[in-house]
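2 protein chains.
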Amino acid sequence: MFGRVALIGLGLIGSSLGHAMRRGSIAGEIVGAARTAETREAALRLGFIDRGCKTAAEAVAGADLVILCTPVGTYGALAAEIAPALAPGAIVTDVGSVKMSVIRDIGPHIPKGVHFVPGHPIAGTEQSGPEAGFAHLFDGRWTILTPTAVADPDALARLTAFWTACGAKVEVMDPERHDMVLAITSHLPHLIAYNIVGTAAHLETVTESEVIKFSAGGFRDFTRLAASDPTMWRDVFLNNREAVLEMLGRFTEDLISLQRAIRYRDGQALYDLFSYTRQVRREIIEAGQETPLADFGRHPG
Amino acid sequence: MFGRVALIGLGLIGSSLGHAMRRGSIAGEIVGAARTAETREAALRLGFIDRGCKTAAEAVAGADLVILCTPVGTYGALAAEIAPALAPGAIVTDVGSVKMSVIRDIGPHIPKGVHFVPGHPIAGTEQSGPEAGFAHLFDGRWTILTPTAVADPDALARLTAFWTACGAKVEVMDPERHDMVLAITSHLPHLIAYNIVGTAAHLETVTESEVIKFSAGGFRDFTRLAASDPTMWRDVFLNNREAVLEMLGRFTEDLISLQRAIRYRDGQALYDLFSYTRQVRREIIEAGQETPLADFGRHPG
Ligand SMILES: NC(=O)c1ccc[n+]([C@@H]2O[C@H](COP(=O)([O-])OP(=O)(O)OC[C@H]3O[C@@H](n4cnc5c(N)ncnc54)[C@H](OP(=O)(O)O)[C@@H]3O)[C@@H](O)[C@H]2O)c1
Ligand SMILES: NC(=O)c1ccc[n+]([C@@H]2O[C@H](COP(=O)([O-])OP(=O)(O)OC[C@H]3O[C@@H](n4cnc5c(N)ncnc54)[C@H](OP(=O)(O)O)[C@@H]3O)[C@@H](O)[C@H]2O)c1
């Protein structure tokens, strides 16, 4: 499907893409770039790249497809670095969790004759680094592509075929809408999870060891999202600031009304909300985006 | 270990206790009470009770151990109903998620010569009803017992042995402390989950179908807790009002400070919190209260 693919960044998403390309025989050669020798060596040992490069510029030379898989805060500098080395006709894409900022940071650096189509796979785990990836991460999950008005239709079609071959379903969306949708389906959930874990760990009335011991009451679920990579998530919040603040405002408004219901012992209001939310999970399961098994099918720790 | 055990309520916790008693040969006979014939029939069919009763009073007659497994809002009326039928020397306990209100509601009804020792297993799933239970629910999880000052040491020892035989580890705690600890490790997490699922479903800018489609970004995790039984959770919030409001206040305070960090682009503050919270999950895994597998070991939905 592609002669040479360059992965810039070999963490969870980069390594999963490498494995998925191997599984589907999607690339003739996979070249990978990472900052540290340790990461490049792990990638070679795990076999999801054919060749490791110290710099992104080296890795993109002669590549038909270039995929940026580093935290979104690095994209501006990386785009400036690779621009002179990009092959004519190459497709440049990314996997960043925010899309407006990515277009702002990468777009201006793309040379004429190179096709830039931003993307974002809605799939992941709380683990990071080159050992964390696996070939089926994208299976049955959505990848959102946010082409700009000037995007080449042929490049969009090829990238759609690429993600489909990696197991994903593809949706094309406006970048502004992407950032709003992801603010509620991903960014706010992570923010809330980070926050409650911080709150629980800093109480004076309850010790941290009590929190850990009795976490199976529900708290432990939040620690999964709150164990995600700090650099990646710092960059997400700095780069999707407006949409996150907007969703956070809505969340807080609703929370205050729920607080009032508890304070004034309004059992009916509580019951109504709790019955309604139950259906949402059912629909997510029916849409194939969640396991139907109780407790995520989790085995006792 | 016990001649006859009466389970009042045959939902997730009642049925799991029944199965665990079968597994460990803990009871000579298990008698179960539930409101609906459907539930009693399911319990008999699944084999985790020997006999079904329409009323709690019928079920407790001649029982050595009585376990209340209904929502905590029902405990006062149930205690009044069973009091005259309790056998001398019997132990009465419960599994309710709140302990101060349970002592307030049940305590005054307990006749002389009957031993009341409140309890709470920190284990569960989002599913409910008689089909939801399984024998290993309590394995490796903590059960908290909150005996009052006048509790009989022998009854406490027998109940400790009972829970240990069901697979649990037992901790004795002051009821007030229980309610504070559980407010942060269980009640607030559920409240937050219910709230964000409600917020997401009522936005004008993002449709519910978009929320469902792209929920794998993190949101779907919250829908598990938010799919829990509405009656049970209404009763928890109405009966642990003060401790939940206290923890909610702390959560909101921290959230506002996080909101400010995003607004003023304080990347360092975000990075510091996100790095800190990562360790908390590690400790929960080390304490054996969570699976070490990525993504809860969840299989693609
Ligand atoms: N994790 C998810 O669930 C998820 C889901 C969808 C999209 N995304 C997006 O995917 C991207 C990568 O996330 P990830 O989870 O794969 O991260 P990760 O596992 O932490 O890996 C990040 C990779 O980027 C490299 N890197 C970091 N900073 C760099 C820099 N300044 N210059 C060059 N390389 C650098 C790292 O190299 P070293 O190893 O050598 O340090 C590492 O190989 C992010 O933009 C994120 O928003 C993540
Ligand atoms: N779910 C958890 O994760 C969890 C964990 C620890 C402790 N707990 C506590 O365990 C208790 C039971 O929870 P659960 O999850 O097992 O609930 P559940 O699955 O919803 O089952 C509730 C049972 O109680 C019966 N019941 C309800 N209202 C009743 C009433 N007014 N009079 C008589 N029987 C009534 C129901 O009978 P019908 O089926 O006939 O309607 C059903 O058998 C609650 O106090 C809860 O706080 C729950």
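Just so you know, the protein sequences line up as chains A and B, in that order.
If you number the first sequence the way the working numbering does, the last residue is 301 and the count never jumps.
If you number the second sequence the way the working numbering does, the last residue is 1301 and the count never jumps.
Think of the CB as a built atom: it goes at the ideal place given N, C-alpha and C, for glycine as much as any other residue.
May I ask you to check if the CB of residue i is nearer than 8 Å to at least one heavy atom of ligand 2?
{"i": "serine 1257/B", "result": "no"}
{"i": "isoleucine 1082/B", "result": "no"}
{"i": "leucine 270/A", "result": "no"}
{"i": "arginine 281/A", "result": "no"}
{"i": "glycine 1014/B", "result": "yes"}
{"i": "glycine 1018/B", "result": "no"}
{"i": "serine 1128/B", "result": "yes"}
{"i": "valine 72/A", "result": "no"}
{"i": "isoleucine 1008/B", "result": "yes"}
{"i": "alanine 193/A", "result": "no"}
{"i": "methionine 1232/B", "result": "yes"}
{"i": "threonine 1125/B", "result": "yes"}
{"i": "isoleucine 1122/B", "result": "yes"}
{"i": "alanine 1079/B", "result": "no"}
Residue i lies in the beta strand (DSSP E); which residues open and close that run?
{"i": "aspartate 94/A", "result": "91-94"}
{"i": "alanine 1216/B", "result": "It is not in any beta strand (DSSP E) - alanine 1216/B carries neither H nor E in the DSSP assignment."}
{"i": "glycine 1032/B", "result": "1027-1033"}
{"i": "alanine 63/A", "result": "No beta strand (DSSP E) holds alanine 63/A; DSSP gives it neither H nor E."}
{"i": "cysteine 53/A", "result": "51-53"}
{"i": "glycine 3/A", "result": "2-8"}
Within the continuous alpha helix (DSSP H) that includes residue i, where are the two ends?
{"i": "phenylalanine 1251/B", "result": "1241-1263"}
{"i": "glutamate 1038/B", "result": "1037-1046"}
{"i": "leucine 1293/B", "result": "Premise fails: leucine 1293/B is in no alpha helix (DSSP H) and is neither H nor E."}
{"i": "phenylalanine 222/A", "result": "219-225"}
{"i": "leucine 78/A", "result": "75-82"}
{"i": "leucine 1355/B", "result": "With chain B covering only 1001 through 1301, there is no way to say anything about residue 1355/B."}
{"i": "alanine 269/A", "result": "267-286"}
May I have the straight-line CA-CA distance separating residue i from residue j, to the nearest angstrom?
{"i": "glycine 62/A", "j": "isoleucine 30/A", "result": "11 Å"}
{"i": "isoleucine 1067/B", "j": "serine 1275/B", "result": "43 Å"}
{"i": "glutamate 1131/B", "j": "glycine 1011/B", "result": "8 Å"}
{"i": "valine 211/A", "j": "serine 257/A", "result": "27 Å"}
{"i": "histidine 1299/B", "j": "arginine 278/A", "result": "21 Å"}
{"i": "lysine 112/A", "j": "threonine 199/A", "result": "50 Å"}
{"i": "alanine 1227/B", "j": "glycine 1167/B", "result": "26 Å"}
{"i": "leucine 273/A", "j": "tyrosine 1194/B", "result": "7 Å"}
{"i": "leucine 270/A", "j": "leucine 255/A", "result": "12 Å"}
{"i": "glycine 1009/B", "j": "leucine 1078/B", "result": "11 Å"}
{"i": "alanine 149/A", "j": "isoleucine 110/A", "result": "15 Å"}
{"i": "valine 206/A", "j": "proline 175/A", "result": "43 Å"}
{"i": "proline 153/A", "j": "alanine 57/A", "result": "26 Å"}
{"i": "threonine 146/A", "j": "glutamate 1126/B", "result": "36 Å"}
{"i": "threonine 70/A", "j": "threonine 55/A", "result": "13 Å"}
{"i": "alanine 1165/B", "j": "phenylalanine 2/A", "result": "60 Å"}
{"i": "asparagine 1240/B", "j": "phenylalanine 116/A", "result": "55 Å"}
{"i": "phenylalanine 214/A", "j": "alanine 157/A", "result": "50 Å"}
{"i": "glycine 1018/B", "j": "proline 1121/B", "result": "14 Å"}
{"i": "isoleucine 49/A", "j": "valine 95/A", "result": "18 Å"}
{"i": "leucine 1086/B", "j": "glycine 1032/B", "result": "15 Å"}
{"i": "arginine 263/A", "j": "leucine 245/A", "result": "26 Å"}
{"i": "glutamate 171/A", "j": "methionine 100/A", "result": "16 Å"}
{"i": "alanine 1151/B", "j": "histidine 202/A", "result": "34 Å"}
Is residue i near ligand 1, with its Cβ less than 8 Å from a heavy atom?
{"i": "glutamate 38/A", "result": "yes"}
{"i": "cysteine 69/A", "result": "yes"}
{"i": "arginine 1220/B", "result": "no"}
{"i": "glycine 52/A", "result": "no"}
{"i": "threonine 1164/B", "result": "no"}
{"i": "valine 31/A", "result": "no"}
{"i": "arginine 35/A", "result": "yes"}
{"i": "glycine 11/A", "result": "yes"}
I want to see whether chain C comes within less than 9 Å of residue i, judged by CB atoms only; does it?
{"i": "serine 97/A", "result": "Annotation note: the requested chain C is absent from the structure, which comprises protein chains A and B."}
Which ranges would you report for the alpha helix (DSSP H) in the segment 1107-1187 of chain B if only whole runs of at least 4 residues count?
-> 1153-1165 and 1175-1182
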